[in-house]
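> According to our numbering, the sequence shown is numbered sequentially starting from 2.
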Amino acid sequence: MTAPASDLSPLLDELAGLTPAEAIARVRAAGDAQQMLARLSDDVERMAMSNLTRALAAAPSLVSVADQLAEPQAQAR
């Protein structure tokens, strides 16, 4: 199951409430992990312009997933 390109904010909100292991499993369940991390990173970057508080809440779990999956492109973002 892959999330639609324009509707990843619910997934970002969900990741923020999960343990690191659960967040990794959730990203993997949503589709190709590297692609999902890139798309989620794009969404957080866009979100920072319109809703900084929400972006700051979503970023730590996304960084943790990228670190755990050792995805260099997502880690660099």
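For glycine and all other residues, C-beta sits at the position ideal for the given N, C-alpha and C.
If you draw a straight line from the alpha carbon of M2 to that of P11, how long is it in whole angstroms?
With a pLDDT of 47 at M2, under the threshold of 50, the modelled position of that residue is not reliable, and the figure given next carries that caveat. Straight-line Cα distance between these residues: approximately 15 Å.
> Please classify A71: does DSSP put it in a helix, a strand, or coil?
Coil.
> Specify the secondary structure class of T54 as computed by DSSP and reduced to three states.
Three-state result, T54: helix.
> Below 8 Å on the Cβ atoms is my guess for L19 versus R29; work out the distance and round it to an integer in Å.
About 12 Å; that fails the 8 Å criterion.
> Please report how far the alpha carbon of A24 lies from the alpha carbon of D8, in whole angstroms.
Distance between the alpha carbons of A24 and D8 is about 17 Å.
> Considering only C-alpha positions, which residue in the set E15, T54, L13 and A34 is nearest to Q69?
Nearest C-alpha to Q69: A34.
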